[in-house]
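For what it's worth, UniProt numbering labels the leading residue of the sequence shown as 6, then goes sequentially.
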Amino acid sequence: TVERLRPFTSTIFAEMTALAVRTGAINLGQGFPDTDGPAAMLERARDAIAGGLNQYPPGPGMPELRAAIAADRDARYGQKFDPDREVLVTVGATEAISATLLGLVEPGEEVLLIEPYYDSYAASVALAGGVRRTVPLVTDGTGFALDLDALRAAVSPRTRMIVVNTPHNPTGTVLSDAELAAIADVAVRNNTLVLSDEVYEHLLFDGRTHTPIGMLPGMAERTVTISSAAKTFAVTGWKTGWACGPAELIDAVRAAKQFMSFVAGGPFQPAVAYALTNEIPWVTAQRDELQRKRDVLGRALSEAGFGVRDSAGTYFVCADISPLTTSTDALEFCRALPERIGVAAVPVSVFADHKEPWNQLVRFAFCKRDEVLAEAAARLHGLA
Ligand code: PMP
Ligand code: GLN
6 TVERLRPFTS TIFAEMTALA VRTGAINLGQ GFPDTDGPAA MLERARDAIA GGLNQYPPGP
66 GMPELRAAIA ADRDARYGQK FDPDREVLVT VGATEAISAT LLGLVEPGEE VLLIEPYYDS
126 YAASVALAGG VRRTVPLVTD GTGFALDLDA LRAAVSPRTR MIVVNTPHNP TGTVLSDAEL
186 AAIADVAVRN NTLVLSDEVY EHLLFDGRTH TPIGMLPGMA ERTVTISSAA KTFAVTGWKT
246 GWACGPAELI DAVRAAKQFM SFVAGGPFQP AVAYALTNEI PWVTAQRDEL QRKRDVLGRA
306 LSEAGFGVRD SAGTYFVCAD ISPLTTSTDA LEFCRALPER IGVAAVPVSV FADHKEPWNQ
366 LVRFAFCKRD EVLAEAAARL HGLA
């Protein structure tokens, strides 16, 4: 393995999912739903295969999907993208993230990540030869907020890009409009690019609404907005994502993407186009269900003795293990948990360069059927 990839040879999701399978534990580690997305969307994918849509689709993505993505961003946010030049279909948001970093960051340029960060950001910065710098979220014991002074201190003429992720994995934080405005101000003043990972854009709870940072003044020309069908339509295995932004930036993302995968899987594209156009009510109902599931799992964690943090969006709720154990190693705690009580989760520390503030925090996924959550709750009670 080349040096720049050596810190990233295995992922926590692979490790914890394998451990859950081996021990028969309920997997609340890797975030994926255990029920299917809208039936008519699944039908469209079957139809596409039966109808012979089985050869390479166009490199930038099927026109009907690019049009549906642009129409959806316009309808929900008033965000305008030309489907022909400003929308690129990718192999999940994961490829969009890698291709954005590979296409737009020169070796040695700095990329700012909000810590803790989704694991593929650090690995993709390293693949691009970029230099990662982190800006922490800080907690008041209930929720999390961005350390804006740290952001202003971290940016410099070497900063090429700021990676923003709201709703945020792993903490479930939704950045406030004031935080987004502060990030935008830093980006504009320092003339940086922004990668905005919005894969959880539909999964905000308690009446919150999503603001794409690309909509803020001065941001459209410097932002690559990334999202995916995975979380919106409960199809994490379809690996259908997209990047939207000004043509000049999307050209760079496409230049990298074409040698990573050339094209994204064909039969899923008309199905996702259909869903973006017709299934937003399904997505809203899913969000309400997830909010209820967040509360169910949060209550169970609290009754088991964890210190439960606020989750304002995503599939995830984080919990502090310190009321339960003297351990200051959440990774060890998570490695032992499947054998101990038959539940798998992931430690937040693996998403951070500075482990200390995060080494007693564990992330649990609540995107599971009610009976699975009920069984997990019963098992968690075994800890108390
Ligand atoms: N970004 C974040 C914040 C994620 O949690 C995930 C995982 N679903 C991804 C990107 C990757 O999305 P996809 O499965 O579409 O590649
Ligand atoms: N995004 C999902 C999570 O955070 C899983 C991603 C993965 O397995 N790489 O749990």
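We treat Cβ as the ideally placed atom computed from N, Cα and C, and that holds for glycine.
Take residue i as the anchor and find which of the options has the nearest alpha-carbon.
| i | options | result |
| --- | --- | --- |
| D182 | L295, D190, S161 | D190 |
| V168 | A187, T16, I102, T178 | I102 |
| K373 | K236, E206, L117 | K236 |
| T171 | R297, I119, G97 | I119 |
| E337 | V367, A317, L180 | V367 |
| F13 | A131, V26, Q84 | A131 |
| W363 | V199, D124, T176, G303 | T176 |
| D124 | A75, T164, A357 | A357 |
| I188 | R137, T216, V240, A19 | T216 |
| E115 | Y122, A98, T99, A133 | A133 |
| V193 | F86, A225, E206, A381 | A225 |
| P328 | D79, M166, L388, A158 | L388 |
| G347 | G223, E380, R227 | E380 |
| P38 | G223, G312, F371 | F371 |
| A50 | I285, F238, R384, A349 | F238 |
| G66 | R345, L295, W247 | W247 |
| R138 | A269, F149, V160 | V160 |
| A382 | V355, E361, L302 | L302 |
| V26 | A252, N174, P343, T6 | P343 |
| T99 | V204, F86, F267, K360 | V204 |
| D300 | A290, R314, W287, T289 | R314 |
| V94 | D79, I218, Y82, P63 | P63 |
| G97 | G146, A260, I231 | I231 |
| I54 | D293, I285, Q274 | Q274 |
| I326 | K85, L198, S354 | S354 |
| E69 | P352, D41, A127, V277 | V277 |
| F321 | R90, L208, F267, R259 | L208 |
| T330 | A317, A309, T319 | A309 |
| E376 | A23, T40, G270 | T40 |
| E184 | S332, P222, D256, D152 | D152 |
| R345 | L378, L385, D334, A324 | L385 |
| N32 | A317, R157, A290, A19 | A19 |
| A341 | A44, T28, M166, R163 | T28 |
Tell me where the alpha helix (DSSP H) around residue i begins and ends.
| i | result |
| --- | --- |
| G303 | 285-308 |
| T22 | 17-28 |
| V193 | 182-194 |
| V377 | 375-386 |
Decide if residue i is buried, meaning its Cβ has at least 16 other Cβ atoms within 10 Å, or exposed.
| i | result |
| --- | --- |
| L10 | exposed |
| K298 | buried |
| G250 | buried |
| N196 | exposed |
| S233 | buried |
| K244 | buried |
| N265 | The sequence as given places Met at residue 265; Asn does not occur at that position. By the 10 Å Cβ count, M265 comes out exposed. |
| K262 | buried |
| S201 | buried |
| I74 | buried |
| H359 | exposed |
| N59 | exposed |
| F311 | buried |
| G108 | buried |
| E8 | exposed |
| Y279 | buried |
| V143 | exposed |
| E206 | buried |
| Y61 | exposed |
| T241 | buried |
What are the start and end residues of the beta strand (DSSP E) that includes residue i?
| i | result |
| --- | --- |
| D202 | 198-202 |
| R157 | No beta strand (DSSP E) holds R157; the alpha helix (DSSP H) holding it covers 153-159. |
| F338 | No beta strand (DSSP E) contains F338, which is instead part of the alpha helix (DSSP H) from 335-346. |
| D325 | 321-325 |
| A370 | 366-370 |
| M46 | Not the beta strand (DSSP E): M46 falls in the alpha helix (DSSP H), residues 44-55. |
| R78 | Not the beta strand (DSSP E): R78 falls in the alpha helix (DSSP H), residues 68-82. |
| V353 | Element bounds for V353: n/a, residue is neither H nor E. |
| V168 | 164-170 |
Of all Cβ atoms in chain B, is any one closer than 8 Å to the Cβ of residue i?
| i | result |
| --- | --- |
| A335 | The structure shown contains no chain B; it is built from a single protein chain. |
**Segments of 4+ residues assigned as alpha helix (DSSP H) that fall wholly inside the region 86-135** = Taking 4 residues as the shortest admissible run, the region 86-135 contains the following complete alpha helix (DSSP H) segments, listed from N- to C-terminal end: 97-109, 124-132.
**Item:** Whole runs of the alpha helix (DSSP H) within the region 205-262, excluding any shorter than 4 residues
**Value:** Fully contained in the region 205-262 are the following alpha helix (DSSP H) runs of length 4 or more, in chain order: 234-237, 252-262.
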